[in-house]
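Asker: Residues in the sequence shown are numbered consecutively from 101, following the numbering used here. All C-beta atoms, glycine included, are put in the ideal place defined by N, C-alpha and C. Since the structure is predicted, the reported quantities are computational estimates derived from the model, not experimental observations.
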Amino acid sequence: MLSKFFLSGSLLLTALHSPSLDAAAKMLSSTNETTKSDVVSAAKNKSDASSFWGVSYLVDTIGAKDQDPVSTAVALKGLSSYIKSTDNFYNAAFLLHLKENSDLNSALATSKDPNLQALAAATMAMKGAIAYQESLIERNNLNISENVEDVPEIKKGKGKKGKKGKGKKGKKGAGSETQKSSVSLDRDLLETFLQSKNKKAQYLAILAAAYAKDSSVSSTVDDLVLKSLESQSARIFYKARVAGSLNPKELMTLVQVAIKKRPPAVSNVVSFSLDIPAMALIVQAIAEVADESSVNILHSALNVPDLRVQVEAARAIAKLKSPKSLAVVNKKIPSAAWPVLIELCDYAAKAPSEKLLPALIQRLAKEKGRMRINLNYALSIIAGDQHASTAKEWLAWYKSNKSFKVDSSASAAFRDMYMVQVMNAGPNGYFYSLAIYSDSFCYVVDTSASMKGPRIASLDENMAMSVEQLLNKSKYNIVDFGGDVEVMEAKALTADLRKGTARVKSWNMSLGTRSFCAIRQSLLFPDVDSIYFLSDGAPARDSVKNWQGITEGVMMLTRYKQIAVHCIDFDPKAGNQAYMINLAKYNEGRHESIEVGPAAPGEGKKKKKKK
């Protein structure tokens with residue numbers, strides 16, 4: 101599907117940098133598919149990137165600056181066709197959440213099509229899920245930027261307010277805070293969905309009420325006769341969120357069934373899907389009430405085949421910080437999948453113990469990629485300082501300090517001074533001055549028309565140099581974007597360095613800055629654990645048209661696979677820069693600001709409205 105190649109007259113007109121495309125570059129979506137007359141057809145396109153873009157405009161029936169309005173009837177028809185697959189269903193829910201189109205949402209809720217009704221409930225649940233995920237992020241005043249001493253604030257009304265950095269790289273002041281979620285739901289609509297015979301809509305309504313902590317529907321939720329295990333587990337999660345307690349008998353009854361149930365196969369956990377395994381919801385409920393008496397359930401969940409359950413279990417174990425989990429974490433560290441290992445390292449950082457040192461050093465010896473950073477962070481917090489960066493060095497330190505015992509004050513001080521992404525390890529390369537520790541990553545680079553001139557020349561030089569110097573047989577891919585979104589390798593990462601250097605010579609510079617379409621595409625590659633995102637401005641003509649939406653989208657897509665997002669900006673406005681810094685900061689990434697020439701004239705200028 102991704103290998104389909106599109107070329108059009110409009111594309112030829114916008115090819116400002118190269119007269120032709122490299123044959124290896126696969127066109128995911130082009131300007132030919134994203135014109136004013138083609139929103140509906142783009143939504144039907146077999147290319148995932150094109151259909152996602154098309155639906156983003158389809159749900160905006162009032163029209164956007166660069167598209168003609170679409171009637172509600174046309175939008176409903178297009179959505180009905182698009183949401184037949186699970187991923188598309190939740191893609192649409194996320195986009196509907198961003199648009200907040202009351203007329204369309206009302207039409208969905210009152211539709212006779214049960215799938216469209218469920219989509220309205222999913223949109224409501226998506227709003228709450230995003231606020232819930234935001235509430236899990238620990239905020240602090242660390243400045244993780246190169247060349248930016250004072251991080252600009254994000255203006256009110258444009259998203260969450262950022263905090264200024266304190267100058268020194270890698271340092272932060274003591275303490276951190278957790279973002280509080282605040283979501284208000286339409287009570288009447290919520291009640292309607294809760295009592296609906298549409299089981300999908302009912303399940304999503306329970307989730308929506310849970311995420312929003314809406315106690316006004318407690319009696320309704322309690323009285324529901326639920327047959328599906330997922331809905332019952334969603335109710336347990338709701339009770340944990342609203343009442344702050346769990347019924348032990350009810351909990352164990354559900355656990356006995358849920359832990360044995362094999363969930364449907366999932367092709368990629370990088371998704372907006374809210375079809376969460378029942379056991380994952382139960383684990384979230386235990387984490388919500390911080391019930392240490394249920395810690396054995398978390399230990400069992402850590403070995404459930406579904407990666408999402410393992411991640412939630414490891415995350416809950418880290419939150420509870422129970423000494424009872426020490427032996428279980430110690431045993432799991434050597435074999436854990438990397439998304440689970442991130443959470444286990446977090447446990448080691450929050451509940452440091454010298455008993456974890458051998459397992460962490462053993463795992464570090466096996467790693468050649470990004471996990472070296474997380475392991476170094478856990479080791480350094482336990483040790484009270486980063487005494488080493490390689491397994492060999494840490495082993496030598498450990499052998500010379502066999503009587504070592506954790507100094508809790510030193511561990512706390514280190515944790516208060518550093519974030520995981522500022523740890524040192526032997527890099528596999530560099531992109532500009534940002535170290536590349538991953539060996540499975542993707543470059544996501546802006547080749548829009550505004551990059552023409554010194555900016556694209558800088559990108560050409562640094563990209564070619566970066567690819568040529570990669571170590572440890574690193575696998576990578578390149579996604580470049582303007583009004584077109586192109587990918588070098590359609591289905592997987594490659595270790596062939598020649599392909600990357602050849603791709604640099606064949607950029608297509610097109611009008612538009614489709615940042616989120618490109619980022620989303622890079623996150624979908626199965627083995628990616630890090631991306632390096634470079635842009636010179638705000639998103640334009642994109643499926644997601646503002647930084648807050650991009651931040652939310654990345655957060656939701658990566659909640660079960662915490663892909664690191666590193667950001668490089670080329671002289672953007674302060675607001676754009678602030679969002680790029682936060683995008684990196686809360687996704688285990690670093691940020692760098694590069695001063696390299698002005699943007700090409702003409703790109704991004706607003707057209708005067710005709711009177």
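Three-state secondary structure (DSSP) at Asp629?
Answerer: The residue you call residue 629 lines up with position 529 of the sequence shown. Here Asp629 sits in coil by DSSP.
Asker: Between the Cα of Pro749 and those of Asn430, Ser480, Ile473, spot the shortest distance and give me the residue it belongs to.
Answerer: This structure does not reach residue 749, given that the chain is present from 101 up to 711, and the question cannot be answered.
Asker: Rank Trp607, Ser394, Val428, Gln621 by C-alpha distance to the C-alpha of Val383 and give the top, closest one.
Answerer: Against the sequence shown, residue 383 aligns to sequence position 283. Out of Trp607, Ser394, Val428, Gln621, Ser394 has the C-alpha closest to the C-alpha of Val383.
Asker: In chain order, what residues of the same chain have a beta carbon less than 8 angstroms from the beta carbon of Thr172, not counting five sequence neighbours either side?
Answerer: Residue numbering aside, residue 172 sits at position 72 when the sequence shown is read from its first letter. Shown here for Thr172: same chain residues with a beta carbon closer than 8 angstroms to its own, the five before and five after excluded, namely Thr161, Asp203, Leu204, Ala207 in chain order.
Asker: In the structure shown, what three-state DSSP assignment does Thr594 receive?
Answerer: The residue labelled residue 594 in the question sits at position 494 within the sequence shown. Thr594: strand per DSSP, three-state reduction.
Asker: For Pro554 and Ala483, what's the separation of their Cα atoms in angstroms?
Answerer: As a working mapping, residue 554 is identified with position 454 in the sequence shown. As a working mapping, residue 483 is identified with position 383 in the sequence shown. Distance between the alpha carbons of Pro554 and Ala483 is about 46 angstroms.
Asker: Can you name the residues that DSSP bridges to Ser548?
Answerer: Here residue 548 refers to the residue found at position 448 when the sequence shown is read from its first residue. BP columns for Ser548 point to Ser610.
Asker: For the segment 531-588, which segments carrying the alpha helix (DSSP H) assignment without a break, of at least 4 residues, lie completely within its bounds, in sequence order?
Answerer: 554-568
Asker: Once you ignore the five residues that flank Ala674 on each side, which residues in its own chain have a CB closer than 7 angstroms to its CB?
Answerer: By one-based count along the sequence shown, residue 674 stands at place 574. Apart from sequence neighbours up to five positions away, the residues of its chain that approach Ala674 with a beta-carbon distance below 7 angstroms are Pro252, ordered along the chain.
Asker: Which value, in whole angstroms, describes the spacing of the CA atoms of Glu234 and Ser500?
Answerer: Position 134 of the sequence shown, counted from the start, is the residue given in the question as residue 234. Position 400 of the sequence shown, counted from the start, is the residue given in the question as residue 500. Each residue's Cα considered, the two are about 42 angstroms apart.
Asker: Between the C-alpha atoms of Ala684 and Glu652, what's the straight-line distance to the nearest angstrom?
Answerer: The residue labelled residue 684 in the question sits at position 584 within the sequence shown. The residue labelled residue 652 in the question sits at position 552 within the sequence shown. Ala684 and Glu652: Cα-Cα distance of roughly 13 angstroms.
Asker: Please work out which residues of its chain come closer than 6 angstroms, Cβ to Cβ, to Gly259, disregarding the five sequence neighbours upstream and downstream, and give them in chain order.
Answerer: As a first step, residue 259 is located in the sequence shown; it is residue number 159 there, counting from the start. Model confidence at Gly259 stands at a pLDDT of 40, short of 50, so the residue's coordinates are unreliable and nothing is read from them.
Asker: Given a cut-off of 9 angstroms, decide if Met655 and Asn676 are closer than it, judged by their beta-carbon atoms.
Answerer: Indexing the sequence shown from 1 puts residue 676 at position 576. Indexing the sequence shown from 1 puts residue 655 at position 555. No, they are not a contact pair.
Asker: Mapping DSSP to helix, strand and coil, what is Gly484?
Answerer: Start at 1 with the first residue of the sequence shown, and residue 484 comes out as number 384. In this structure, Gly484 counts as coil in the three-state DSSP scheme.
Asker: Taking Ser489 and Asn476 to be in contact with their CB atoms under 8 angstroms, please state how far apart those CB atoms are, rounded to whole angstroms.
Answerer: In the sequence shown, counting from the first residue as 1, residue 489 sits at position 389. In the sequence shown, counting from the first residue as 1, residue 476 sits at position 376. Between Asn476 and Ser489 the Cβ distance is about 6 angstroms, and since that is below 8 angstroms, they are a contact.
Asker: Once the 5 residues before and after Pro701 are set aside, which same chain residues still bring their CB inside 8 angstroms of it?
Answerer: Numbered from its first residue, the sequence shown carries residue 701 at position 601. Cβ neighbours of Pro701 beyond the five flanking positions: none.
Asker: When DSSP labels each residue in this structure, what does Ala192 get in the three-state scheme?
Answerer: Numbered from 1 along the sequence shown, position 92 holds the residue referred to as residue 192. Helix, per DSSP.
Asker: Note down the Cα distance separating Gln97 from Ala192, rounded to an integer number of angstroms.
Answerer: The chain is shown only over 101 to 711; residue 97 falls outside these bounds and no answer can be derived.
Asker: Can you tell me where the beta strand (DSSP E) holding Val654 begins and where it ends?
Answerer: Position 554 of the sequence shown, counted from the first residue, corresponds to residue 654. Premise fails: Val654 lies in the alpha helix (DSSP H), 647-657, not in any beta strand (DSSP E).
Asker: Near Leu290, which residues of its chain fall below 8 angstroms by C-beta distance, leaving aside the five closest residues on each side in sequence?
Answerer: For the purposes of this step, residue 290 is identified with residue 190 of the sequence shown, where counting begins at 1. If we look at Leu290 and ignore the five residues flanking it on each side, its Cβ neighbours are Met224, Ala305, Ala308, Ala309, Asp314, Val317.
Asker: Alpha carbon to alpha carbon, how far is Phe504 from Ser511?
Answerer: Within the sequence shown, the letter at position 404 stands for residue 504. Within the sequence shown, the letter at position 411 stands for residue 511. Cα to Cα, Phe504 sits roughly 13 angstroms from Ser511.
Asker: Taking the alpha carbon of Gln302 as the point to measure from, which residue in Ala413, Ser331, Leu285 has its own alpha carbon closest?
Answerer: On the sequence shown, residue 302 is found 202 positions in, with the first residue counted as 1. Here the closest residue by C-alpha is Ser331.
Asker: Output the boundary residues of the alpha helix (DSSP H) element that contains Val429.
Answerer: In the sequence shown, the residue the question calls residue 429 occupies position 329. Val429 -> alpha helix (DSSP H) spans 426-432.
Asker: By the 10 Å Cβ neighbour count, where 16 or more other Cβ atoms means buried, how is Asn528 classified, buried or exposed?
Answerer: Here residue 528 refers to the residue found at position 428 of the sequence shown. That one is buried.
Asker: Mind checking which residues open and close the alpha helix (DSSP H) that includes Tyr389?
Answerer: Residue 389 sits at position 289 when you count from the first residue of the sequence shown. Reading off the sequence shown, one finds Val at residue 389, where the question assumed Tyr. 378-389 is the span of the alpha helix (DSSP H), which, as asked, contains Val389.
Asker: To the nearest whole angstrom, what separates the beta carbons of Gly583 and Gly612, a pair I think is in contact under 8 angstroms?
Answerer: As a first step, residue 583 is located in the sequence shown; it is residue number 483 there, counting from the start. As a first step, residue 612 is located in the sequence shown; it is residue number 512 there, counting from the start. At roughly 3 angstroms, the Cβ-Cβ gap stays under 8 angstroms, so Gly583 and Gly612 are in contact.
Asker: Buried or exposed: where does Val325 fall if 16 or more other Cβ atoms within 10 Å of its Cβ makes it buried?
Answerer: Working through the sequence shown from its first residue, we reach residue 325 at position 225. Result: exposed.
Asker: Please confirm whether Phe541 and Ile631 have their CB atoms less than 9 angstroms apart.
Answerer: As a working note, residue 541 is residue 441 in the sequence shown. As a working note, residue 631 is residue 531 in the sequence shown. Contact flag set, yes.
Asker: If I measure Cβ to Cβ from Ala437 and keep anything under 8 angstroms in the same chain, skipping five residues before and after, which residues do I get?
Answerer: Locating residue 437 in the sequence shown gives position 337, where the first residue counts as 1. Around Ala437: Leu407, Gln410.
Asker: Go through its chain and collect everything with a Cβ distance to Pro405's Cβ below 6 angstroms, but skip five positions before and after it.
Answerer: As a first step, residue 405 must be located in the sequence shown, where it is residue number 305. The answer is none, since no qualifying residue turns up.
Asker: Return the Cβ separation of Ser622 and Val579 in integer angstroms, given the expectation that the two are a contact with Cβ distance under 8 angstroms.
Answerer: Translated into the one-based positions of the sequence shown, residue 622 becomes position 522. Translated into the one-based positions of the sequence shown, residue 579 becomes position 479. Right, their Cβ atoms sit about 5 angstroms apart.
Asker: Report the option in Asp375, Ser548, Leu534, Met563 whose CA atom is closest to the CA atom of Arg614.
Answerer: If you number the sequence shown from 1, residue 614 lands on position 514. The option with the nearest alpha carbon to Arg614 is Ser548.
Asker: Taking the straight line between their C-alpha atoms, what separation do you get for Leu402 and Ala358?
Answerer: Walking along the sequence shown from the start, residue 402 turns up at place 302. Walking along the sequence shown from the start, residue 358 turns up at place 258. Cα-Cα distance, rounded: 13 angstroms.
Asker: Should the segment 340-352 be called in touch with the segment 585-601, which here means at least 3 C-beta pairs below 8 angstroms?
Answerer: no
Asker: By how many angstroms is the C-alpha of Ser180 removed from the C-alpha of Glu277?
Answerer: For this step, residue 277 is matched to residue 177 along the sequence shown. For this step, residue 180 is matched to residue 80 along the sequence shown. With a pLDDT of 45 at Glu277, under the threshold of 50, the modelled position of this residue cannot be trusted; read the value that follows with caution. If you take the alpha carbons of Glu277 and Ser180, they lie about 42 angstroms apart.
Asker: Measure the C-alpha to C-alpha separation of Gly275 and Asp516 and round it to an integer number of angstroms.
Answerer: Taking the first residue of the sequence shown as position 1, residue 275 is located at position 175. Taking the first residue of the sequence shown as position 1, residue 516 is located at position 416. Caution applies to Gly275, whose pLDDT of 41 falls short of 50 and renders its modelled position unreliable; the value that the coordinates give is listed next. Gly275 and Asp516: Cα-Cα distance of roughly 6 angstroms.
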